[in-house]
Amino acid sequence: MLSHPKNYYEILEISPSASQQEIRAAYKKLAVRYHPDKNPDDKQAEEIFKLISQAYHTLSNPEKRNFYDIKIGLKQEINAIDYYKAAQREEEQRREIRKAIFIEFLKKYKKEKEQEKSEIQVTLKKTNFWIAVSLIFFFIVVVIINVLDILERDYLYEKALFYYHSQEFEKSDSIARLLCSRKPRNEKYALLHTQNLIAQRYYDIAYEQLRYSNYHEEPNFQFWYLICKFKLEKSSAGETLTAINDLERNGFKESYVYLWRALLKFELLADKQAICQDLQLAISLGSWQAEQYSYVCR
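All residue numbers for the sequence shown refer to my numbering, where the first residue is -2 and numbers rise by one.
Now the structure itself:
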């Protein structure tokens, strides 16, 4: 490198006609050579590195390079006012071009948005139509499924009642337990299950189920709870009869109420007429079990 460089081109060791790429390459090469990290405590290398940086800072900027070339005589100086006006005209032209491009972009963007909006509206109409059709179809399917489920439940319940009245309690209870396991829950399925347990003399199981049943406040369940409690010797025949009479006075008048009241009276050695009266009431209300005890009244 020259010990007394005359200008920035000589500092970077390039010709005045060098391109920006050549200027950049020359700077990188010299910067690596004279960088302070590679030349510690070398004042001369530090000064050269500063000159290299100044030269690159000026020559890498086309506007600064132009003024520098005029300064060192590589270009003829032009009138500053004319140069400013020319630069202003160029800037105005660039501004108009940018404006035209932006306006064209806005028009295109607006047109695309309107087209997109129109397509969305068409798609929404189609989507809403098919959603409505799907909902109607779904509703019909749900209704059909619910109707079939209700019909199936009713059929199974009638079958379970038939087995119960036929004293086939195991068959009846298997159906009752199946119905109890399905949703929605139904009080009559749970009641039939309890009656089957009691008919098979599973008083302890029935007692625990009735004790914690969700329907324990219903008269049917209260009644069978009293029967299980009596059978498990947790209450006397007299206490049970009194409680059943209270249920009967409150409007609970099922056939098995009168059947069990007759049995409890028989347990207490009550008057034959009172026992037969309850048995007749039970038979009149459809109790097939009461008919088994009708011989008492003959």
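Ideal Cβ positions, reconstructed from N, Cα and C, are used throughout, including at glycine.
Since we're looking at a predicted model, the values are computed, not measured.
{"query": "Quick one: using the 10 Å Cβ neighbour count with 16 as the cut-off for buried, is Thr124 buried or exposed?", "result": "exposed"}
{"query": "Taking the C-alpha atoms as reference points, what is the distance between Lys105 and Thr120?", "result": "22 angstroms"}
{"query": "Classify Lys250 as buried or exposed, calling it buried when 16 or more other Cβ atoms lie within 10 Å of its own Cβ.", "result": "exposed"}
{"query": "In the structure shown, what three-state DSSP assignment does Trp127 receive?", "result": "helix"}
{"query": "Between Gln17 and Thr55, what straight-line distance do the alpha-carbon atoms span, to the nearest angstrom?", "result": "11 angstroms"}
{"query": "The alpha helix (DSSP H) spanning Asn247 covers which residue range?", "result": "No alpha helix (DSSP H) holds Asn247; DSSP gives it neither H nor E."}
{"query": "Among Ala196, Gln197 and Cys225, which has the Cα closest to the Cα of Gln206?", "result": "Cys225"}
{"query": "Where do the N-terminal and C-terminal ends of the alpha helix (DSSP H) with Ser281 fall, by residue?", "result": "Lys269 to Ser281"}
{"query": "Who are the Cβ neighbours of Gly70 in its own chain at under 7 angstroms, not counting the five residues just before and after it?", "result": "none"}
{"query": "Based on Cα-Cα distance, which residue from Glu215, Ala240 and Glu155 lies nearest to Phe227?", "result": "Ala240"}
{"query": "I think Tyr369 touches Lys185, with their Cβ atoms under 8 angstroms apart; what is that distance to the nearest whole Å?", "result": "Outside the modelled stretch of the chain, which goes from -2 to 295, sits residue 369, for which no answer is possible."}
{"query": "For Asp66, does the three-state DSSP call read helix, strand or coil?", "result": "helix"}
{"query": "What three-state label does DSSP hand Trp285 in the structure shown?", "result": "coil"}
{"query": "Measure the alpha-carbon distance for Arg62 versus Leu27 and round it to whole angstroms.", "result": "19 angstroms"}
{"query": "May I ask you to report which of helix, strand or coil DSSP gives Tyr212?", "result": "coil"}
{"query": "Whether or not the segment 155 to 170 and the segment 189 to 200 are in contact is what I'm after, with contact meaning three or more pairs of Cβ atoms, one per stretch, closer than 8 angstroms; do they touch?", "result": "yes"}
{"query": "Using a 10 Å radius around the Cβ and a threshold of 16 neighbouring Cβ atoms, would you call Arg258 buried or exposed?", "result": "buried"}
{"query": "For the alpha helix (DSSP H) containing Cys177, list its first residue and its last residue.", "result": "Phe166 to Ser178"}
{"query": "Are the beta-carbon atoms belonging to Leu252 and Ser284 less than 7 angstroms from one another?", "result": "Per the sequence shown, residue 252 should be read as Ser rather than Leu. Contact flag set, yes."}
{"query": "Where does Leu266 fall in DSSP's three states?", "result": "coil"}
{"query": "Hey, would you say Ala279 sits closer than 7 angstroms to Tyr255, going by beta carbons?", "result": "yes"}
{"query": "Under the rule that 16 or more other beta-carbon atoms within 10 Å means buried, what is Ala203, buried or exposed?", "result": "buried"}
{"query": "Taking buried to mean at least 16 other C-beta atoms within 10 Å of its own C-beta, is Leu148 buried or exposed?", "result": "exposed"}
{"query": "Can you tell me whether Tyr152 is buried or exposed? The criterion is at least 16 other CB atoms within 10 Å of its CB, across all chains shown.", "result": "exposed"}
{"query": "To the nearest angstrom, how far is the alpha carbon of Ala23 from that of Tyr6?", "result": "10 angstroms"}
{"query": "Rounded to whole angstroms, what's the CA-CA distance from Leu223 to Asn211? Just pull it up for me.", "result": "16 angstroms"}
{"query": "So the candidates are Ser57, Asn4 and Glu288; which of them puts its Cα closest to the Cα of His162?", "result": "Glu288"}
{"query": "Identify whether Glu43 lies in helix, strand or coil by the three-state DSSP scheme.", "result": "helix"}
{"query": "Which same chain residues end up closer than 7 angstroms to Glu264 when comparing Cβ atoms and leaving out the 5 residues on each side of it in sequence?", "result": "Ala234"}
{"query": "Helix, strand or coil: which one does DSSP assign to Asp243?", "result": "helix"}
{"query": "Would you give the residue range spanned by the alpha helix (DSSP H) that Lys231 belongs to?", "result": "Taken as a continuous stretch (DSSP letters only), Lys231 belongs to no alpha helix (DSSP H), as it is neither H nor E."}
{"query": "Could you give the distance in angstroms between the alpha-carbon of Trp127 and the alpha-carbon of Lys107?", "result": "30 angstroms"}
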